[in-house]
Amino acid sequence: MPKKRSGGGLSATQQAAKFLGVSVLAGAVLAGIALPAVGALGLAAKGSVESFDELPANLKTPPLSQRTTILDAEGGMIASVYSRDRTVLDLKDISPYMQQAIVAIEDARFYQHGAVDLKGILRALNKNAQSGGVSEGASTLTQQYVKNVFVEEAGDDPTKVAQATQQTLGRKIKELKFAIQVEEELGKKKILENYLNITFFGQQAYGVEAAAQRYFSKSAKDLKLQEAALLAGIVQSPSRYDPINDEAEATKRRNVVLQRMADLGDVSQQEADAAKKAPLGLKVHRPENGCITAVKGASFFCEYVKHVFLNDPVFGKNREARAKIWNRGGLTIKTSMDPKAQKSVQASLKQHVYKSDKVAAAATLVEPGTGKVLAMGQSKPYGSGKNQTELNYSVDAAYGGSNFGFPTGSTFKPFVAAAALEEGRPPTQEYSSPYQMQYPSPVQTCDSKPWTNLRGEKLENESESEHGPYRLRKAMELSVNTYFVQMIADIGLCPVVNMTDHLQVRQGNGDKLPERPAIALGSVGLSPLTMASAYAAFASRGMYCTPVAIEAITQRVGDQQKSLEVPKSTCSRAMSEKTADTVNSLLQGVVDSGTGKEAGLTSRDSAGKTGTTDERRNAWFVGYTPNLSGAVWVGSATQKVKMRNIYIGGQYHDLVYGGRVPGPIWRDAMAGALEGKPAEQFHTVHIPDEDEDRDKGRGDDDDDDQGRGDDNGNGDGFIGGLVGGANGGGAANGGTGGPEPDPSFSIPEGFWRGQSNGNGAGGPG
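And the structure:
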């Protein structure tokens, strides 16, 4: 790199020469103004010496924006995204023809002059005077490079772009001073390299490598003479000389470049003439930008990665700072996406739900113990066309998803069970579980004000045959609504809210869950990612891990690669191992003999829960194995479709259940994702059934009087643990039972007629 002069300044003679150039250059050529205005501009330049001296001495060159590459966990390409499609090359990796062509047509005296070409200025002035307009410019390649730096720094801000390109004397003077600095510090070869990497070649291609790929589907190092001449000709006016839209005009311009190269001796006249006769030879590679181009249906996963980057403070102090890094690009992002799992998810969704169906489906797979998001897909492809969507149904609103998520129905019930177990309720807990009932009132909340059923709200089970008394295992298998509402009334709302806080269960808009008994029935909207991550804690014996999708990022800055810090999963204990193992045992029963039988995996341990909401607007299956957790939602994003008498995936359904449509999607997606992986087993606990407890209660002398709590209601009462008898003996302990039930709420007239929930709450499960 050439040394700066002492003090970084110029001699008086040199500075005078530069300012002569500034006046003329700004007045007639660089500003693009006709010759008659020169006199006035000369006066303006006279008062510009001081401002010239006050300009910063160093041009701050931002890292050039480049494409960002998003990879799966195995290093395979998912998608390429960019604000500006650019790949920066060293000069040695650019065809010599390309180097010669751009110099020949843009600045033939590039290697002879400094930052300003005085001969070129005088030539341009003379020619423009003769034509009465501006037919030739005199801006050097170095000055053009500086101007492009200003434009690059402006980014996508239209106001800043306008300022960077405005035809004013002040900007031209600023451009000139920085051009002088660049010439002194970088040298000709580096300036040429930078220019070829920064300049715009049309068709969304920034830099010569992107241009070579766009027009010829080849690297810049492989450009032939006629190809290099075509690209060099485009730079002056990318729209006018666009070879895709105007082949004739582009050909004429290419031939001008070829002749100029011959005149300068870069090539022989014979070579130039042969190249002029050659066809353009376009092999156009259309721009492929953004997550819409993702492979394996991973567009929504790709969008999730982008939103993680823009939302996480690890990548910058505020969203604006993070967006600037993202738009600069040059990132290589290795994600957690398992290509086999992603392929399996998309295949299952495609098989079971058509993109043209009235409803959509979304599925997300998460690895227990690490929080890694392995797959994310949905039945309607990414896009803005018919039967497409840009809404990611799998995630919260902050990550491109629904504003509120989707009501989860009975898939929420395991959280209630886990909270009760943590509070000391036994897995044999029994409640009366009538077919219909009012919501109990009052119910304790986390503050001093209890929830009260002021409107006399009621709930019911799926069918009249579902009435208790039930124990926890059977209630979970059958998804009995009244059981779990009684359980919440027993333990209070605060333990449930604490449990969901430990599992980071938030509504789709990010709000905490409301404290009301209807949450037991899945009345609030959650996302599949939230549900899959929460259930993963059951699989990992009570350890909850925050979801992560990014494993590593490298960023190219100039010629260097540097690693960026990435967010890490934070794992914490959400419940005891015993509680998690008990939930595993309960949810195994759901897929073995309960509402989720159609979802069960035959070759390995699996557990899960079904969910269906009021009027069948949503259906869910959330389940897991010891090494994989997944959630599937089926419904309408508008929540207007009632899934009755409906065709989904070509199959007719009179009524959609969580186990009937989401269940098989989950089963097939999980089976493919787990193929070839170890069939691990759950840690489970033995939960006695009623017959076992009854036998234990009789004792050796077969004394029926010692163990009849269950059959006589002494161990339960009307609302189990709400009233006497919940812990007062019961069958499990062979006790004598408690007093007659004394419910803390009234039974209104007409209670047994029953009504539907009306709360968006859980349906049949």
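First residue of the sequence shown: 423, per this note's numbering; consecutive thereafter.
Cβ coordinates follow ideal geometry from the N, Cα and C atoms, glycine included.
Fair warning: this is a prediction, and the values are worked out from it, not measured in the lab.
As assigned by DSSP and simplified to three states, the class of residue i
i, result
"F722", "helix"
"P917", "helix"
"H1075", "strand"
"N749", "helix"
"K871", "coil"
"P836", "helix"
"L881", "strand"
"V657", "coil"
"Y853", "strand"
"T621", "coil"
"D688", "coil"
"P735", "helix"
"L493", "strand"
"L1096", "helix"
"E710", "coil"
"S778", "coil"
"F532", "coil"
"T968", "coil"
"P761", "helix"
"I1109", "coil"
Per-residue burial, residue i [other beta carbons within 10 Å of its own, 16 or more giving buried]
i, result
"K728", "buried"
"L876", "exposed"
"A434", "At A434, the pLDDT of 43 sits below 50, so the modelled position is not reliable; the number obtained from the coordinates is stated separately. Exposed: under 16 other Cβ atoms inside 10 Å."
"K611", "exposed"
"K599", "buried"
"E888", "buried"
"S487", "buried"
"G498", "exposed"
"H774", "buried"
"R508", "buried"
"E574", "buried"
"D933", "exposed"
"Y1069", "exposed"
"S806", "exposed"
"G1188", "Beyond the ends of the chain as shown, which are 423 and 1187, falls residue 1188; an answer cannot be given."
"N740", "exposed"
Contact set for residue i: own chain, Cβ-Cβ below 7 Å, skip 5 residues either direction
i, result
"Q1061", "R1039"
"K705", "F638 and S639"
"L442", "Bear in mind that the predicted position of L442 carries a pLDDT of just 44, short of 50, making it too unreliable to give a figure here."
"T1001", "A840, L843, E844 and G964"
"G1081", "T1017, G1018, K1019, E1020, A1021, T1032 and F1043"
"P829", "G944, S945, V946, G947, T1035, N1040 and G1182"
"M798", "F722, F723, Y726, T786 and S816"
"K718", "P761, Q764, K765 and Q768"
Sequence-distant residues of its chain with Cβ nearer than 8 Å to residue i (five each side left out)
i, result
"M898", "K835, P836, A839, L1008, L1009, G1011, V1012, G1016 and K1031"
"L614", "L513, Q521, I524, V525, F532 and L563"
"V979", "P485 and G752"
"Y804", "C713, I714, A716, S721, F722, E725, Q810, T811 and E812"
"P936", "V946"
Contact set for residue i: own chain, Cβ-Cβ below 6 Å, skip 5 residues either direction
i, result
"L647", "Y519 and A697"
"Y815", "A784 and Q800"
"E605", "G536, A537 and T564"
"G624", "I656, P660 and D664"
"E973", "K756 and S758"
"G1071", "H774, V775 and Y776"
"R938", "W873"
"T491", "S502 and T754"
"R895", "L1008, G1011 and I1109"
"G890", "S854 and S855"
"S962", "P790 and G791"
"L986", "I975 and Q977"
Inter-residue CB distance, residue i and residue j (contact presumed, cutoff 8 Å)
i, j, result
"I595", "L753", "Actually they do not touch by this definition, with Cβ atoms about 36 Å apart."
"F731", "F737", "6 Å"
"L943", "G831", "7 Å"
"P969", "V788", "6 Å"
Chain B within 8 Å of residue i, Cβ atoms only
i, result
"F826", "No chain B appears in the structure shown, which is made up of a single protein chain."
Inset, instruction - Flag this pair as touching only if the segment 766 to 785 and the segment 1052 to 1068 have three or more C-beta atom pairs under 8 Å; answer yes or no. - result: Short answer: they touch.
Legend entry - Segment contact flag, the segment 817 to 824 with the segment 865 to 874, C-beta cutoff 8 Å, min 3 pairs: Output reads no: the segment 865 to 874 does not touch the segment 817 to 824.
Inset, instruction - Spell out a yes or no on whether the segment 951 to 963 and the segment 915 to 931 are touching, meaning 3 or more CB-CB pairs, one atom from each, closer than 8 Å. - result: Contact between the segment 951 to 963 and the segment 915 to 931 is present, because at least three Cβ pairs lie under 8 Å.
Legend entry - Cβ pair count under 8 Å reaching 3, the segment 1018 to 1027 against the segment 745 to 764: Segments in contact, no.
Inset, instruction - Could you say if the segment 644 to 661 and the segment 674 to 689 meet the contact criterion of at least three C-beta pairs nearer than 8 Å? - result: Yes, the segment 644 to 661 touches the segment 674 to 689.
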